[in-house]
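Novice: One structure coming up, written as structure tokens, with questions to follow.
There are 2 protein chains.
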Amino acid sequence: MRTYNFSAGPAMLPSEVMERAKEEFCNYKGTGCGLMELSHRGPEFSEIVESVESDIRELMGIGDSHAVCFIQGGASMQFAMIPMNLMLPGGFAEYADTGSWSAKAAKEAKTFGEVRTVASSSDTNYDRIPVIRHWQPDPKASYCHITSNNTIAGTQYHSFPEVETPLIADMSSDIMSRVVNIDDFGLIYAGAQKNLGPSGVAVAIIRRDLAERTPDNVPTMLRYSTYIEKKSLFNTPPTFAIYMLGLVMKWLKEQGGLSAIEEVNDAKSEALYELIDRSRFYRSPVDPSSRSRMNVVFRLPSEELEAKFVADAKEKGMIGLKGHRSVGGIRASIYNAMPMKGVETLIDFMNEFERVNG
Amino acid sequence: MRTYNFSAGPAMLPSEVMERAKEEFCNYKGTGCGLMELSHRGPEFSEIVESVESDIRELMGIGDSHAVCFIQGGASMQFAMIPMNLMLPGGFAEYADTGSWSAKAAKEAKTFGEVRTVASSSDTNYDRIPVIRHWQPDPKASYCHITSNNTIAGTQYHSFPEVETPLIADMSSDIMSRVVNIDDFGLIYAGAQKNLGPSGVAVAIIRRDLAERTPDNVPTMLRYSTYIEKKSLFNTPPTFAIYMLGLVMKWLKEQGGLSAIEEVNDAKSEALYELIDRSRFYRSPVDPSSRSRMNVVFRLPSEELEAKFVADAKEKGMIGLKGHRSVGGIRASIYNAMPMKGVETLIDFMNEFERVNG
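Those sequence lines, one after another, are chains P and D. Sequential numbering from 28 applies to the first sequence in my numbering. Sequential numbering from 28 applies to the second sequence in my numbering.
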């Protein structure tokens, strides 16, 4: 039986993708070698990296204004690369404060310039995205940084601020889960291990002109221009992770692309929120304006019941439901690869658990 | 038929390792998920990362003086991290110049301090390691950097310089191919994709006290102390690459450890050099004092014959034999995972090719 893994990441990958990768693991396209054993300069990997880029461009509607880069180190490395490359000399950057990950991003920027908080929901314990019409972004900022989906708090931007400066979005936990307009962003970045593939590679989609800002003293491997100029092949890239990402892109296209997967994601999350709102046993701590379609967090009447919920679910083949250690509770992460059947199984279990323990 | 891949990297992995990884690809230890789908904070990956570290310690004889870190970005990211972390304020570092990769390492250091060339073989076209007894290392240097094996030139250190400053070795292409004394080194680092596993992870073995040098303005993800303190789990690591590395470590132990694999590596390379030296058709451009046991480079009487050699070998299931594009010729990379049988197959082919075309 396939386990439904509701972990926040690394997360489930589509079963079809896993089966395909297993099938050709030791013998990629008749080469007699696994893909991970082949040179990154050979024809097999060259074909992969080109088609991954073109599939990402097609899926997200990315034109020539933006480059698509594959970079190691996850979103955490981007937290450093962003200010190193994009903070203007003597300048400041604006960060929206919506939880732990946005705070980590802001912290890394402080070494390279002043950091100003453009908006925050800390006074309501990060239960929402700060109301965007109240933001007063400064047009003189080097850039404005947001975290489009917050895995711990379970919040998500349902619209984006309009700023004059380059808008930078950490989309690690909701990239390609919905349609966004690329032209609204200077830089979109995401660690792969939630919606795109396995851990070990991050995708950075950057407006080409921004990559020209980088000061001379930034090392080669930390410059966006290196990845743009060398097509992410300056040095040996994480070939297997990029290959897996490529298989996920093909799968996404087969599902009908981002508008189709967005409908599925809406249906999955709405089914869960509906149950939670209807119930007097389950409770959402998140303001209805800002609920995440990727990470549905909720509470039970007691921590004891929450522990029992996690344990009972595991026995039924549903794992990873424990909330982040910093906030507790329950978290169901339902990224692209979580099938509707997985959510239905969870809902049946939730109803049964409430009936028995409620 | 298993292809023999003589590529410089990403390179062959042991067949047993590939088969094992394939077997449990979609269902790791009965979890119903692939390892790459599981959380890096879960019990399965925690067990892996601990046992990989302890196996590396056992294989290389690493005591508590040194930490073992898993870092993304390959050796090229280390080229930047080394001076960022270890260059003393206002200081200089010494680099031995033995080819393209050592030059790239030195280039990245120039942003962070003065770089001095402690020894060079550029005047003999990098055909050897500069004679070590002629080096005059400066005890005031921040560190002394060498490249223990040079994949392009086909050279390798057969002994190491004794320096008073921390000796830093890029062992990307010969780590764990032979026994070395860890206490001789301040830092050993290596991208995994030659002797250790797939691309996407580098191993850095660093003397703990050196990690205290790092200036305050170095970003979190670029500080060795982050990896030491968080056991390489500050952020999501490349879980699948580390898992594969772990399988290779188990395999190495089954082979009898580093002294046993060193014997095999000696035998493989000696068989090839013997043929080359005996032949008037093949020719080694490398000084006998410095020949690499990992990358055996040689020339044929003409570039036309070299092209034919590569093409004919491919038809017989031997790939990756073309020399690096910057120097031409032939290169047989015979890392740990290349079995003696692969070298014997190459030798038979070389004899036959000489008979027909010589």
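Quick reminder that beta carbons are idealized off the backbone N, C-alpha and C, glycines included. Only a predicted model underlies this, so the values are computations on that prediction, with no experimental measurement involved.
Here's a check: name, in chain order, each residue in its chain whose Cβ is nearer than 6 Å to the Cβ of R235(D), leaving out the five neighbours to either side.
Specialist: Closer than 6 Å at Cβ, skipping near neighbours: A94.
Novice: Rounded to a whole number of angstroms, what is the C-alpha to C-alpha distance between P366(P) and F267(D)?
Specialist: Rounded to whole angstroms, P366(P) to F267(D) spans 23 Å at the Cα level.
Novice: Just the C-alpha distance for A123(D) and N177(D), rounded to the nearest angstrom, thanks.
Specialist: Cα to Cα, A123(D) sits roughly 12 Å from N177(D).
Novice: Report the residues of the region 49–79 of chain D with a CB closer than 8 Å to any CB of chain P, ordered along the chain.
Specialist: The residues in question are K49, F52, C53, T58, G59, C60, G61, M63, E64, L65, S66, H67 and G69.
Novice: Using C-beta distances below 6 Å, list every residue in its chain close to V230(P), excluding the 5 sequence neighbours before and after it, in chain order.
Specialist: Answer for V230(P): A217, listed in chain order.
Novice: Along the region 213–226 of chain D, what residues have a CB closer than 9 Å to any CB found in chain P?
Specialist: Answer in chain order: G218, Q220, G224, P225 and S226.
Novice: Please report whether the beta-carbon of Q99(P) lies at a distance below 9 Å from any beta-carbon of chain D.
Specialist: Yes, contact with chain D.
Novice: Taking a contact to mean a Cβ-Cβ separation below 9 Å, would you say Y170(P) touches L113(P) in this structure?
Specialist: The answer is yes: Cβ separation under 9 Å.
Novice: Just checking my contact of P225(D) with M276(D) at CB under 8 Å: how many whole Å lie between their CB atoms?
Specialist: Contact doesn't hold; Cβ gap of about 13 Å is too wide.
Novice: What's the gap between the Cα of D154(P) and the Cα of A180(P)?
Specialist: Rounded to the nearest angstrom, the two C-alpha atoms are 6 Å apart.
Novice: Hey, is V354(D)'s beta-carbon within less than 9 Å of any beta-carbon in chain P?
Specialist: So, not an interface residue.
Novice: In the DSSP assignment, what are the bridge partners of E121(P)?
Specialist: Looking at the DSSP assignment, E121(P) forms a beta bridge with R143(P) and C171(P).
Novice: Buried or exposed: E333(D), going by 16 or more other Cβ atoms within 10 Å of its Cβ?
Specialist: Burial call: buried.
Novice: Using a Cβ-Cβ cut-off of less than 9 Å, give me the residues of the region 247–266 of chain D that come near chain P, in sequence order.
Specialist: Taking 9 Å as the Cβ-Cβ cut-off against chain P, the residues of the region 247–266 of chain D that qualify are T247, M248, L249, F261, N262, T263, P264, P265 and T266.
Novice: So with Cβ pairs under 9 Å, would you call R310(D) a contact of chain P?
Specialist: By this cut-off, R310(D) is not an interface position.
Novice: For a contact meaning CB atoms closer than 7 Å, what does E46(P) contact in chain D?
Specialist: Residues of chain D passing the Cβ test: C53.
Novice: Could you name the residues of the region 85–119 of chain D whose beta carbon sits closer than 7 Å to any beta carbon of chain P, in the order they occur along the chain?
Specialist: Within the region 85–119 of chain D, the residues whose Cβ lies closer than 7 Å to some Cβ of chain P are Q99, G100, G101, S103, M104 and A107, listed in chain order.
Novice: When you compare each of E51(D), L65(D), G59(D) and G283(D) to P265(D) by their alpha carbons, which one comes out closest?
Specialist: The shortest Cα separation from P265(D) among E51(D), L65(D), G59(D) and G283(D) belongs to L65(D).
Novice: A268(P) touches chain D at which residues, Cβ-Cβ below 8 Å?
Specialist: Going along chain D in sequence order, the residues near A268(P) (Cβ under 8 Å) are G227, P265, F267 and A268.
Novice: Alpha carbons only, please: which of N152(P), I156(P) and G118(P) is nearest the one belonging to S353(P)?
Specialist: The shortest Cα separation from S353(P) among N152(P), I156(P) and G118(P) belongs to N152(P).
Novice: Please classify V383(D): is it buried, with 16 or more other beta-carbons within 10 angstroms of its beta-carbon, or exposed?
Specialist: The residue in question, V383(D), is exposed, as its Cβ has fewer than 16 Cβ neighbours within 10 Å.
Novice: Going by DSSP, what residues sit across from K349(P) in a beta bridge?
Specialist: Note: K349(P) sits in a beta bridge opposite I357(P).
Novice: Beta-carbon of K343(P) versus every beta-carbon of chain D: anything under 9 Å?
Specialist: With 9 Å as the cut-off, K343(P) does not count as an interface residue toward chain D.
Novice: If the cut-off is 7 Å on Cβ atoms, which residues from the region 118–144 of chain P count as contacting chain D, listed in chain order?
Specialist: So the list reads E135 and T138, given in the order they occur along the chain.
Novice: Grab the span of the alpha helix (DSSP H) containing V370(D) for me, first residue to last.
Specialist: Looking at the DSSP string, the run of the alpha helix (DSSP H) that includes V370(D) is M367 to N384.
Novice: Using 8 Å as the threshold, is the region 97–114 of chain P in touch with the region 134–149 of chain P, meaning 3 or more CB pairs across them?
Specialist: Judged by Cβ distances under 8 Å, the region 97–114 of chain P makes contact with the region 134–149 of chain P, as three or more pairs qualify.
Novice: For A238(P) and D304(D), what's the separation of their Cα atoms in angstroms?
Specialist: Computed Cα separation, rounded: 51 Å.
Novice: Give the residues from the region 185–202 of chain P that approach chain D closer than 7 Å (Cβ to any Cβ), ordered along the chain.
Specialist: Flagged: no residues at all.
Novice: Whose Cβ in chain P lies nearer than 8 Å to the Cβ of M392(D)?
Specialist: Because chain D here runs from 28 to 385, residue 392(D) falls outside it and cannot be looked at.
Novice: Let me check understanding here. Comparing Cα to Cα, which of T182(P), S129(P) and D243(P) lies closest to D197(P)?
Specialist: The shortest C-alpha separation from D197(P) is found at S129(P).
Novice: Identify which residue in H67(P), R240(P) and N322(P) has its Cα closest to the Cα of P37(D).
Specialist: It is H67(P) whose Cα lies nearest to the Cα of P37(D).
Novice: Give me, in chain order, the residues of the same chain whose beta-carbon lies closer than 7 Å to that of P157(P); leave out the 5 immediate sequence neighbours on both sides.
Specialist: Result list for P157(P): A123, A146, S147 and S148, in chain order.
Novice: Please confirm if I209(P) has its CB atom under 9 Å from at least one CB of chain D.
Specialist: By this cut-off, I209(P) is not an interface position.
Novice: To be precise: take each residue of the region 369–383 of chain P, compare its Cβ to all Cβ atoms of chain A, and keep it if any distance is under 9 Å. Which residues remain?
Specialist: No chain A is part of this structure, whose protein chains are labelled P and D.
Novice: Just curious, the alpha helix (DSSP H) that R305(D) is in, first and last residue?
Specialist: From DSSP, the alpha helix (DSSP H) with R305(D) extends over G284 to R305.
Novice: Can you tell me the Cα-Cα spacing of F72(P) and K56(P), whole angstroms?
Specialist: So the alpha carbons of these two residues sit roughly 11 Å apart.
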